[in-house]
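Read in order, the letters of the sequence shown are residues 1 to 236 in the numbering used here. Glycine is no exception: its CB is placed at the ideal position from the N, C-alpha and C atoms. Remember, it's a predicted structure, so these values are computed and weren't measured experimentally. Data first, discussion second: the structure below is written as structure tokens.
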Amino acid sequence: MADQPAAAPLDAQILALHQHVAASRHFVLHAVPEGRCSVIPLHRQAAAPPRRPVCTRRAEAVLGIGANVASRRRKACAMPARPEIIGLTGEPGPLCAALLDYWMERRGGRPMPARADLDPVDIPKLLPHIMLMDVLPGTGRMRFRLVGTRVVVMFGADNTGRYLDEVDFGEQRPAILESYGLALAHASPHHRRMGFINKDGVKFDMERLILPLSSDGGRHVDMLISLLDIKENIAG
Numbered sequence: 001m002a003d004q005p006a007a008a009p010l011d012a013q014i015l016a017l018h019q020h021v022a023a024s025r026h027f028v029l030h031a032v033p034e035g036r037c038s039v040i041p042l043h044r045q046a047a048a049p050p051r052r053p054v055c056t057r058r059a060e061a062v063l064g065i066g067a068n069v070a071s072r073r074r075k076a077c078a079m080p081a082r083p084e085i086i087g088l089t090g091e092p093g094p095l096c097a098a099l100l101d102y103w104m105e106r107r108g109g110r111p112m113p114a115r116a117d118l119d120p121v122d123i124p125k126l127l128p129h130i131m132l133m134d135v136l137p138g139t140g141r142m143r144f145r146l147v148g149t150r151v152v153v154m155f156g157a158d159n160t161g162r163y164l165d166e167v168d169f170g171e172q173r174p175a176i177l178e179s180y181g182l183a184l185a186h187a188s189p190h191h192r193r194m195g196f197i198n199k200d201g202v203k204f205d206m207e208r209l210i211l212p213l214s215s216d217g218g219r220h221v222d223m224l225i226s227l228l229d230i231k232e233n234i235a236g
């Protein structure tokens, strides 16, 4: 019997799916070539927990779920209790709230979901605003793996493949490093609103949500997913 072709790595398959979604909706995500990251072929990967529907009204509004379908989904839902969110004052905005709801839904009874539990097809409207970061074992350094196009445009640079502590964030560098460090150290969501000036001198109002991911049931955080809701500060 002829040998069967090897399955593409999980990251490659997910990236292809990202690119397919991007081509149909006019946004693109970029990936770091595989190297030091451990990848399991899709056909050998442990089964993810049963999929649960997006089931809060704010997530439905952002993700564009119809009212009839949404009503049926809410009846089937049992959303886990919201964990402590470091830095949260008031309610998060609609984009951050939608990602938070999705993260909570996918974690089930665990402290946090794994990267493999998240399907970009579920959250196409959030993808341009999302960044995905690897956490290097033993060092705690964080490296950008995926950067949404909205983030690239607003910052005026694509930081894909760079380490967080190597990026010039100007005056906001200490606050940004602190936010990611707290999310990693406490294995908890982190939320912050802040102003930002990009390298072209353009002022923005930014809301950021950072969420931990773990491939070993929550014992170690090996990735972070964050969303940046960035709006130009016209008044400023």
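Alpha-carbon spacing of residue i relative to residue j, whole angstroms
| i | j | result |
| --- | --- | --- |
| residue 86 | residue 126 | 22 Å |
| residue 321 | residue 188 | Residue 321 falls outside the range modelled here, since the chain spans only 1 to 236, and no answer is possible. |
| residue 120 | residue 102 | 11 Å |
| residue 191 | residue 166 | 22 Å |
| residue 113 | residue 223 | 10 Å |
| residue 108 | residue 117 | 10 Å |
| residue 132 | residue 220 | 16 Å |
| residue 124 | residue 171 | 32 Å |
| residue 210 | residue 150 | 17 Å |
| residue 156 | residue 168 | 12 Å |
| residue 69 | residue 122 | The predicted position of residue 69 is uncertain, since its pLDDT is 43 and thus under 50; a value taken from the coordinates is nonetheless stated next. Taking the straight line joining both Cα atoms gives about 14 Å. |
| residue 176 | residue 215 | 25 Å |
| residue 137 | residue 99 | 25 Å |
| residue 201 | residue 152 | 15 Å |
| residue 160 | residue 90 | 31 Å |
| residue 106 | residue 199 | 36 Å |
| residue 237 | residue 180 | In the structure as shown, the chain starts at 1 and stops at 236, and residue 237 therefore has no counterpart that could be examined. |
| residue 164 | residue 97 | 24 Å |
| residue 197 | residue 186 | 28 Å |
Proximal residues to residue i (C-beta, below 6 Å), its chain only, five neighbours per side dropped
| i | result |
| --- | --- |
| residue 65 | Interpretation of residue 65 is limited by its pLDDT of 46, a score under 50 that renders its predicted location unreliable; the figure taken from the coordinates is listed afterwards. Correct list: empty, nothing qualifies. |
| residue 193 | 207 |
| residue 230 | 154, 204, 206 |
Continuous alpha helix (DSSP H) stretch holding residue i: start and end
| i | result |
| --- | --- |
| residue 155 | 149 to 155 |
| residue 126 | Taken as a continuous stretch (DSSP letters only), residue 126 belongs to no alpha helix (DSSP H), as it is neither H nor E. |
| residue 220 | Residue 220 -> no alpha helix (DSSP H), and no H or E assigned at all. |
| residue 181 | 173 to 186 |
Cβ neighbours of residue i in the same chain (closer than 7 Å, five flanking residues each side left out)
| i | result |
| --- | --- |
| residue 217 | 110 |
| residue 48 | Confidence at residue 48 is low in this model, with a pLDDT of 44, below 50, so the placement of that residue is unreliable and no value is reported for it. |
| residue 84 | 188 |
Same chain only: Cβ atoms within 8 Å of residue i, ignoring 5 sequence neighbours per side
| i | result |
| --- | --- |
| residue 233 | 195, 203, 204, 205 |
| residue 184 | 135, 140, 142, 212, 221, 224 |
Under 8 Å between C-beta atoms of residue i and residue j
| i | j | result |
| --- | --- | --- |
| residue 162 | residue 143 | yes |
| residue 207 | residue 93 | yes |
| residue 95 | residue 182 | no |
| residue 128 | residue 148 | yes |
Span of the beta strand (DSSP E), counted from its first residue to its last, around residue i
| i | result |
| --- | --- |
| residue 132 | 130 to 135 |
| residue 112 | That residue, residue 112, is in no beta strand (DSSP E); it is neither H nor E in DSSP. |
| residue 205 | 203 to 213 |
| residue 197 | 190 to 197 |
Min CB distance residue i to chain D below 8 Å
| i | result |
| --- | --- |
| residue 107 | Annotation note: the requested chain D is absent from the structure, which comprises a single protein chain. |
Beta-carbon separation (whole angstroms), residue i vs residue j, contact threshold 8 Å
| i | j | result |
| --- | --- | --- |
| residue 145 | residue 158 | So it is not a contact: roughly 12 Å between Cβ atoms. |
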